[in-house]
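Student: There's a structure below that I have some questions on.
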Amino acid sequence: MSPRKPTQGSSDLIVVANRLPLDRVVLPGGQTTWRTAPGGLVTALEPVMRANKGAWIGWPGDTGETVKPFTDNGLTLVPIGISQNEYTEYYEGFCNATLWPLYHDVVAKPEFHREWWDAYIDVNERFAHAAAKQAAPGATVWVHDYQLQLVPQMLRELRPDLQIGFFLHIPFPPVELFSQLPWRRQLLEGLLGADLVGFQLPGAAGNFIRLVRQRVGHKTHRDQVYLPDGRVVRAAAFPISIDTKAFEELAGSEPVERRAKQIRDDLGNPAKIFLGVDRLDYTKGIYARLRAFSELIANGDLSVEDAVFLQVATPSREQVEQYRLLRNDIDQLVGRINGDLGRIGRPVISYLHSSFPRQEMAALYRAADIMVVTPFRDGMNLVAKEYVACRLDGDGALVLSEFAGAAEELKQSYLINPYDINGMKATMLQAYHAEPKELGRRMRAMRKQVSEHDVAFWAQSFLDSLAEAGAAHHDKKTRPALKT
Ligand code: ADQ
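Numbered by our numbering, the letters in the sequence shown go through residues 13 to 496 in order.
Here's what the structure looks like:
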């Protein structure tokens with residue numbers, strides 16, 4: 013790390029995330045422009061970011077030349093450049109071929125390469141330096157996700173005056189799996205630079221505390237870690253959610269209702285529509301779910317006149333070998349199932365490999381009778397919550413993997429084990445045949461949960477807990493209260 017002390021900036025609240033909320037895109041004429049990539053995170057944090065002269069530090073999504081910080085609608089954007097080589101070694105390599113599979117129960121085999129680790133350190137340092145330069149004295153810095161786990165410690169060394177929070181969006185593995193990582197100690201120490209380390213579930217926070225005790229040797233008590241220098245780090249769960257109100261409003265709008273009806277018509281108005289919506293990722297359990305559904309058709313439990321499976325898969329990480337193989341597998345499976353079991357105008361599976369605007373997503377959720385979410389492991393899974401938010405009439409069924417974080421909150425869903433194909437088939441049939449009264453009872457309870465715990469609630473509770481954790485060991489004079 014460079015010994016040069018960075019100059020202080022003027023932002024009181026900073027988000028540091030792998031991606032900026034804007035993507036840089038190259039137009040056909042060669043000019044570049046910025047396109048909003050509004051995710052739940054941006055929507056949740058935007059108001060509080062503006063009120064606090066917020067800044068967002070992230071990668072613009074390409075390996076073009078580095079752009080200077082700029083302001084968009086009151087939010088300061090600080091783009092971090094990543095070279096082609098770093099894209100391969102840091103992003104595709106260490107983030108998506110080492111950490112992603114390791115943190116998801118080793119569903120695929122993680123690869124360990126020393127040069128990938130070196131690239132991970134370099135890129136994390138770049139983010140940490142940018143944050144140190146941007147932050148006002150005593151500012152709050154919120155670092156996000158597995159791509160940036162070294163940033164809290166690097167930033168604390170540069171700027172001990174800051175309140176630093178970290179939130180992990182994906183699962184945090186148990187000691188037995190995490191211990192495979194050759195750089196396990198460095199990652200744990202990286203995270204311990206934060207005042208508050210947030211996870212989706214209490215179990216993940218527990219894994220972290222146990223690892224810190226066993227692998228780093230720090231004293232811990234309940235959700236706290238006691239460092240030799242007197243600092244205390246708290247680890248706790250903050251289950252992420254969605255902008256529930258926005259989804260409800262969208263789902264209730266006339267164009268979405270019309271579009272939902274159109275989708276049903278286009279699918280031939282079967283009695284029930286099953287829906288899957290995922291990034292095309294091997295953790296999501298798409299293959300097993302489609303096989304389970306096809307067996308229900310093959311065995312005659314369901315017929316193509318009565319049921320169709322609409323699977324929407326967003327293209328994802330297409331340069332990574334595992335993802336290319338998965339895409340081929342799904343293409344082949346869908347082709348075989350439709351070839352063997354479909355009829356003219358009646359495919360078993362209607363498969364779309366593309367990304368859609370939010371309005372179309374809401375229409376899909378409204379059109380579907382049974383939402384099928386079957387990841388082998390998932391930090392939370394927002395699709396499950398979005399479906400619930402869009403079921404304004406309190407009908408519809410959610411079939412949900414017990415290995416998705418969302419299962420801890422959506423207890424009235426039809427829970428399944430995605431490794432158990434027969435169990436999954438039986439539960440899909442149960443949802444298919446359920447009485448409207450039963451569906452209503454389940455959906456109402458889940459709607460209450462999602463409406464009371466939206467993404468604004470999530471962001472606020474994290475920031476409140478961070479202020480509390482930070483106040484314990486920061487000079488209050490240098491820490492202005494956060495405006496909300
Ligand atoms: P993801 O693995 O990407 O997120 P998820 O939580 O389901 O998974 O979020 C996917 C988002 O993408 C949803 O908002 C969904 O609407 C959208 N989406 C999916 N398919 C789409 C399509 N075809 N077109 C347009 N939009 C589509 C990671 C973790 C999760 C965690 C989130 C948030 O893996 O476990 O819930 O971060 O913390």
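Glycine residues also receive a C-beta, built at the ideal position from the N, C-alpha and C atoms.
From the DSSP output, read off the bridge partner residues of Asp290.
Tutor: Ala325
Student: Which runs of the alpha helix (DSSP H) fall wholly inside the stretch 399–438 and span at least 4 residues, in chain order?
Tutor: none
Student: How many Å lie between Glu447 and Gly408 at the Cα?
Tutor: Cα-Cα distance, rounded: 11 Å.
Student: Using only alpha-carbon positions, find the residue among Ala56, Ile94, Lys65, Asp84 that is nearest to Asp74.
Tutor: Selection Ala56, Ile94, Lys65, Asp84 evaluated against Asp74 yields Ile94 as nearest (Cα-Cα).
Student: Run through DSSP, which three-state label would Asn393 get?
Tutor: coil
Student: Compute the Euclidean distance between the alpha carbons of Cys107 and Tyr115, then round it to the nearest angstrom.
Tutor: 10 Å
Student: Would you list, in sequence order, the uninterrupted beta strand (DSSP E) runs of no fewer than 3 residues that lie entirely inside the stretch 249–326?
Tutor: 284–291, 319–326
Student: Would you call the CB atoms of Ser23 and Gly66 closer than 8 Å?
Tutor: Result yes, Cβ atoms of Ser23 and Gly66 sit closer than 8 Å.
Student: Roughly how many whole angstroms lie between the Cα atoms of Val360 and Ile349?
Tutor: Cα to Cα, Val360 sits roughly 7 Å from Ile349.
Student: Spatial neighbours of Val79 within its chain, please: CB distance less than 6 Å, with the 5 preceding and 5 following residues excluded, ordered by chain position.
Tutor: Pro91
Student: Determine the direct distance from the alpha carbon of Gln212 to that of Gln161, and round the result to whole angstroms.
Tutor: 16 Å
Student: What did DSSP end up calling Thr55 once you bin it into helix, strand or coil?
Tutor: helix
Student: Applying the criterion that 16 or more other CB atoms from any shown protein chain within 10 Å of the CB defines a buried residue, is Gly391 buried or exposed?
Tutor: buried
Student: Just how far apart, CA to CA, sit Val224 and Ala217?
Tutor: Answer to the nearest angstrom: the Cα atoms are 11 Å apart.
Student: At a threshold of 7 Å, does Val289 count as lining the ligand ADQ (C-beta to nearest heavy atom)?
Tutor: yes
Student: By the DSSP assignment, the beta strand (DSSP E) with Tyr363 in it spans what residues?
Tutor: 361–364
Student: So Arg246 and Ala481 are in contact, right, with Cβ under 8 Å, and what is the actual spacing, rounded?
Tutor: About 5 Å separates the two Cβ atoms, so the contact holds.
Student: Indicate, with yes or no, if the ligand ADQ has a heavy atom lying under 7 Å from the CB of Asp390.
Tutor: Asp390 has its Cβ nearer than 7 Å to a heavy atom of the ligand ADQ.
Student: Determine the burial state of Leu308: buried for a count of at least 16 other Cβ atoms within 10 Å of its Cβ, exposed for fewer.
Tutor: buried
Student: Just to check my reading of the structure: Tyr377 and Tyr399 have Cβ atoms closer than 8 Å, yes? What is that Cβ distance to the nearest angstrom?
Tutor: 5 Å
Student: Evaluate Phe82 with the Cβ neighbour count: other Cβ atoms within 10 Å of its Cβ, from every protein chain shown; 16 or more gives buried, anything less gives exposed.
Tutor: exposed
Student: Compute the minimum distance between the beta carbon of His141 and the heavy atoms of the ligand ADQ, and state whether it is under 7 Å.
Tutor: no
Student: Which first and last residues belong to the alpha helix (DSSP H) in which His141 is found?
Tutor: 126–146
Student: Check each candidate in Ala109, Gln20, Ala140 and name the one with the smallest Cα separation from Val27.
Tutor: Ala140
Student: Kindly list the residues whose CB is nearer than 7 Å to the CB of Pro194, restricted to its own chain and excluding five residues on each side of it in sequence; keep chain order.
Tutor: Phe124
Student: By Cβ distance, which residues of its chain are closer than 7 Å to Leu478, with the 5 residues on each side in sequence left out?
Tutor: Thr152, Gln175, Gly177, Asp207, Leu208
Student: Rounded C-beta distance between Leu200 and Val228? I'm assuming under 8 Å.
Tutor: 5 Å
Student: Nearest CA to the CA of Val187: which residue from Val118, His233, Gly210?
Tutor: Comparing C-alpha distances from Val187 to each of Val118, His233, Gly210 shows the shortest one belongs to Val118.
Student: State yes or no: is the C-beta of Met166 nearer than 7 Å to some heavy atom of the ligand ADQ?
Tutor: Outside the cutoff, so no.
Student: Sort Ala374, Ala375, Pro72, Val289 by Cα distance to Thr45 and report the nearest one.
Tutor: Pro72
Student: My assumption, with CB atoms under 8 Å, is that Gln165 sits in contact with Gly202. Please give the rounded CB distance.
Tutor: Sure, about 5 Å apart at Cβ, within 8 Å.
Student: In its own chain, which residues sit with a C-beta less than 6 Å from the C-beta of Met458, not counting the 5 before and 5 after it?
Tutor: Val400, Leu422, Gln424
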